[in-house]
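Colleague:
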Amino acid sequence: MMIVDTPGLQNPEMAGQSRGATFEELCHNYAQERLQGLFHERTFVQELERYKEENVDLSLDALEPSVSGSVATMDEASHQALVRTLARTDEARGLLWLLEEESFQPGGSEEGLLERLFTHYGPQDGDKKASNPLLRSNKARHFFLGHSYGTNWVEYDTSGWLSYVRQNPASQNSLVLLQESQKKIISSLFAGRAGATTVLSGSIAGLEGGSQLALRRATSMRKTFTTGVAAVKKKSVCIQVKLQV
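Under our numbering, the first residue of the sequence shown carries the number -3, and numbering increases by one thereafter.
Next up, the structure:
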């Protein structure tokens, strides 16, 4: 038996700290919300589907959506973006995708990231008050995201976020450097490892190797990333967060 204990949300304001939440805390809160969504799916949605299959009549109040708006803002395509572009597959798909793509732009910045974020996911004309989980802050490079269906608003500080996802050349050359180490005890440890890895295998565990199973997994992952080259960057932090959570 495996019991998953959800970690809870990280909110510096609740801890009496006068700072914005970091990228690490964003990833922590994203994992918490995904676990909440899994609980909702297994506890309510699947059970109600079973009742329907068994023709059991059950009168219940309407359930909340299984995924809160903050999760959709993180990793799903925005409705207004899809409407504007007639569901173009190269449209941004959430904060994680926008962050990945902004890191590729010459002169990309956190300010540009937030402008793109609010263009796709910010409140639109006609939206009801508090219906959108994303709000602007009066502080530079800050924004608010309403977690747990808007009951826990966290202010995030995006300063330095692009540096987390930009490709580090050292990670590409590390294997070769270790193989060519002058210390035999180190070079022998890495001598038998393949020197070339695919774009995806460098980012996602379980995609290494040339077996049929590994190739099928890699093909499936490639189909997932339809937002351009930025989505399959080697050692992508955003891909790791999105798929491993």
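Every residue, glycine too, gets a C-beta built ideally from N, C-alpha and C.
For the beta strand (DSSP E) containing Glu151, name the first residue and the last one.
Modeller: Taken as a continuous stretch (DSSP letters only), the beta strand (DSSP E) holding Glu151 covers 148 to 153.
Colleague: Leu5 by DSSP, collapsed to three states: which one?
Modeller: Coil, per DSSP.
Colleague: If you draw a straight line from the C-alpha of Glu20 to the C-alpha of Asp53, how long is it?
Modeller: Answer to the nearest angstrom: the Cα atoms are 45 Å apart.
Colleague: Using alpha carbons as the reference points, say which of Ser159, Phe40, Asp57 lies closest to Ser99.
Modeller: When only C-alpha atoms are compared, the closest one is Ser159.
Colleague: Can you tell me whether Leu56 is buried or exposed? The criterion is at least 16 other CB atoms within 10 Å of its CB, across all chains shown.
Modeller: So Leu56 ends up on the exposed side.
Colleague: Return the bridge partner residues of Gly142 from the DSSP annotation.
Modeller: In the DSSP output, where bridge partners are listed per residue, Gly142 has Trp149.
Colleague: Using only the alpha-carbon positions, how far apart do Met70 and Thr154 sit?
Modeller: Each residue's Cα considered, the two are about 14 Å apart.
Colleague: On a Cα-Cα basis, can you pick out the residue from Thr147, Leu171, Val161, Gly65 that is closest to Gln101?
Modeller: The shortest Cα separation from Gln101 among Thr147, Leu171, Val161, Gly65 belongs to Val161.
Colleague: Quick check: Val0 and Glu29, are their CB atoms within less than 9 Å of each other?
Modeller: Taking 9 Å as the Cβ cut-off, Val0 and Glu29 do not qualify as a contacting pair.
Colleague: Which stretch, first to last residue, makes up the alpha helix (DSSP H) that contains Leu92?
Modeller: Residues 91 to 98.
Colleague: Alpha helix (DSSP H) containing Arg112: first to last residue?
Modeller: Its alpha helix (DSSP H) spans residues 106 to 117.
Colleague: Report the rounded CA-to-CA distance for Glu45 versus Asn51, giving the unit in angstroms.
Modeller: Taking the straight line joining both Cα atoms gives about 10 Å.
Colleague: Return the CA-CA distance between Lys135 and Glu151, expressed in angstroms with no decimal places.
Modeller: Taking the straight line from one Cα to the other gives about 10 Å.
Colleague: Would you give the residue range spanned by the alpha helix (DSSP H) that Arg132 belongs to?
Modeller: Where Arg132 is concerned, there is no enclosing alpha helix (DSSP H), although the beta strand (DSSP E) it sits in stretches over 130 to 132.
Colleague: Compute the beta-carbon to beta-carbon distance between Tyr117 and Leu130, rounded to the nearest angstrom, for a pair I have assumed lies under 8 Å.
Modeller: That pair is a contact at about 5 Å.
Colleague: Answer with buried or exposed for Ser64, where buried requires no fewer than 16 other C-beta atoms within 10 angstroms of its C-beta.
Modeller: That one is buried.
Colleague: Could you check how far apart the C-beta atoms of Val237 and Cys23 are, in whole angstroms? I think they sit under 8 Å.
Modeller: Yes, Val237 and Cys23 are in contact; Cβ-Cβ is about 5 Å, under 8 Å.
Colleague: Could you tell me which of Arg38, Ile181, Gln13, His138 sits nearest to Ser105, measuring between CA atoms?
Modeller: Checking every option, the nearest Cα to that of Ser105 belongs to His138.
Colleague: For Ala187, count neighbouring C-beta atoms within 10 Å of its own C-beta (all shown protein chains included) and say buried if the count is 16 or more, exposed if not.
Modeller: Ala187 should be labelled exposed.
Colleague: Residues in its own chain within less than 8 Å of Leu109 by CB, not counting five upstream and five downstream?
Modeller: Answer for Leu109: Leu94, Leu95, Glu98, Thr154, Trp157, Leu158, listed in chain order.
Colleague: If you draw a straight line from the alpha carbon of Thr39 to that of Gln13, how long is it in whole angstroms?
Modeller: Each residue's alpha carbon lies about 35 Å from the other.
Colleague: Using the rule of at least 16 other Cβ atoms within 10 Å of the residue's Cβ for burial, across every protein chain shown, is Gly4 buried or exposed?
Modeller: It counts as exposed.
Colleague: Can you give me the C-alpha to C-alpha distance between Glu72 and Gly142, rounded to a whole angstrom?
Modeller: Distance between the alpha carbons of Glu72 and Gly142 is about 16 Å.
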